[in-house]
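Just so you know, full-length UniProt numbering puts 99 at position 99 of the sequence shown, and the rest follows in order with no gaps. Don't be surprised by glycine CBs; every beta carbon is placed ideally from N, CA and C. Remember, predicted model here, so these are calculated numbers, not experimental data.
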Amino acid sequence: MAKVQMLALQSIDRYMIDNRPELSAVLSDEIAKLRTAATHLLNKDVSLTMLSDWAENEAVNITYLIEADSQTAAIIDGMFRMGLIDEIVLYTIPVILGHGKRLYQSPLPEISWKCTATRICTDGTVQAVFCRSN
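Set out below in structure tokens:
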């Protein structure tokens with residue numbers, strides 16, 4: 001079974017950060033590594049039915065990556081509701097935006113997650129990796 005991974009960048013007050021050109025070199029390198037490691041990059045046009053089929057029938061070493069931003073937030077909401085996301089890679093940038101769009105717009109179904117890794121980047125960004133625990 002393949003893995004579906006979501007990458008999200010958020011501020012301390014949990015607003016999504018879309019302006020990626022302004023990110024630090026450290027964080028840009030981190031994102032590039034995740035993209036390179038992924039077998040397939042997903043976008044807002046992915047069919048959830050097809051993704052469900054692919055994820056079930058692909059080999060274990062296949063990784064699908066979707067990056068959370070204002071354009072993919074709706075499809076990611078659907079992915080959570082269908083139980084398609086296996087791993088969340090969450091970067092919290094040390095800034096308070098005070099406004100913007102939050103990734104989770106509406107209440108999601110309860111899903112248990114386990115934090116499998118945390119670290120602080122040299123620019124102060126905190127990375128946390130969560131895997132579904134069920």
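Handout entry: Distance between Leu90 and Gly124 (C-alpha atoms, nearest Å)
Key = Each residue's alpha carbon lies about 14 Å from the other.
Practice task
Would you be able to state if there are at least three C-beta pairs under 8 Å between the segment 42-62 and the segment 90-109?
Solution key: no
Problem - Whole runs of the alpha helix (DSSP H) within the segment 13-96, excluding any shorter than 4 residues - result: 25-37, 48-57 and 73-81
Exercise for the section: Figure out for me which residue from Asp13, Gln127, Ala32 and Glu58 has the closest Cα to the Cα of His99. Expected result: Asp13
Problem - Lys3 in three-state terms, based on DSSP - result: For Lys3, the three-state secondary structure derived from DSSP is strand.
Problem - Cα-Cα separation, Lys33 to Leu27 - result: 10 Å
Exercise for the section: Select from Gln5, Arg132, Ala8 and Tyr15 the residue whose C-alpha is nearest the C-alpha of Pro109. Expected result: Arg132
Problem - Beta-carbon proximity check, Val129 vs Glu67, cutoff 8 Å - result: No, these two residues do not count as a Cβ contact at 8 Å.
Exercise for the section: Could you name the residues of the same chain whose beta carbon sits closer than 8 Å to that of Arg81, not counting the 5 residues immediately before and after it, in chain order? Expected result: Cβ neighbours of Arg81 beyond the five flanking positions: Leu108 and Pro109.
Exercise for the section: Check Leu103 in the structure and name its three-state DSSP category. Expected result: Residue state, collapsed to three classes: coil.
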